[in-house]
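Heads up, the thing below is written out as structure tokens.
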Amino acid sequence: QVQLVESGGGLVQPGGSLILSCAASGTSFSIYALGWYRQVPGKERELVGTITSGGSTKYVTSVKGRFTISRDNAKNTMYLQMNSLKPEDTAVYYCNAQFRALVYWGQGTQVTVSS
Numbered sequence: 047q048v049q050l051v052e053s054g055g056g057l058v059q060p061g062g063s064l065i066l067s068c069a070a071s072g073t074s075f076s077i078y079a080l081g082w083y084r085q086v087p088g089k090e091r092e093l094v095g096t097i098t099s100g101g102s103t104k105y106v107t108s109v110k111g112r113f114t115i116s117r118d119n120a121k122n123t124m125y126l127q128m129n130s131l132k133p134e135d136t137a138v139y140y141c142n143a144q145f146r147a148l149v150y151w152g153q154g155t156q157v158t159v160s161s
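If you read the sequence shown in the numbering used here, its first letter stands for residue 47, the second for the next number, and so on.
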């Protein structure tokens, strides 16, 4: 069993930066593939990017070059560094952990990009 807790969301101006954290409880954090997703009201949850247990990352086109995912297995934590934020990045951001058939979600943290 893994519990995920996101933090770091808030209000930021366009062009600003924010770092989200996803802290995991439980054991064997390092074996999980992790991901960040986001959702706005009325729309489906969409993938932002992923990081494998080995540290390889992938991103959707809309955030490439602006967002960076990293993980610290010693701290059981994943991060999402978000730079050059745009109003369209406004959403609730969720972290996700997957290992074979096991899938876990955090409760989400709100990110609002507005002047």
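All C-beta atoms in this analysis are idealised placements derived from N, C-alpha and C, irrespective of residue type, glycine included.
| Should D118 be labelled buried (16 or more other beta-carbon atoms within 10 Å of its own) or exposed? | Taking the sequence shown and counting its residues from 1, the one referred to as residue 118 is at position 72. Flag for D118 reads exposed.
| query | Pick from I77, L80, Y150, S53: whose alpha carbon is nearest that of S67? | reply | Residue mapping note: residue 67 aligns to position 21 of the sequence shown, counting from 1. Closest by alpha carbon: S53.
| task | Quickly, what does DSSP pair R112 with across the bridge? List them, please. | result | Along the sequence shown, read from residue 1 onward, the residue named residue 112 stands at position 66. BP columns for R112 are empty, so no partner.
| message | Using only the alpha-carbon positions, how far apart do P133 and V109 sit? | response | Numbered from its first residue, the sequence shown carries residue 133 at position 87. Numbered from its first residue, the sequence shown carries residue 109 at position 63. Rounded to whole angstroms, P133 to V109 spans 13 Å at the Cα level.
| message | Going by C-alpha to C-alpha distance, which of T73, S74, Q59, A69 sits closest to W82? | response | Translated into positions along the sequence shown, residue 82 becomes position 36. That would be A69, whose Cα lies nearest to the Cα of W82.
| request: Might you give, ordered along the chain, the residues of its own chain that have their beta carbon closer than 7 Å to the beta carbon of F75, omitting 5 neighbours on each side? | output: Here residue 75 is taken as the residue at index 29 of the sequence shown, counted from 1. The answer, listed in chain order, is N119, N122.
| If you draw a straight line from the alpha carbon of Q144 to that of V106, how long is it in whole angstroms? | If you number the sequence shown from 1, residue 144 lands on position 98. If you number the sequence shown from 1, residue 106 lands on position 60. Straight-line Cα distance between these residues: approximately 18 Å.
| message | Using a Cβ-Cβ cutoff of less than 7 Å, which residues in the same chain neighbour G95 once the five nearest sequence positions on both sides are dropped? | response | By 1-based counting over the sequence shown, the position of residue 95 is 49. If we look at G95 and ignore the five residues flanking it on each side, its Cβ neighbours are G81, W82, T103, K104, Y105, V106, V109, F113, I115.
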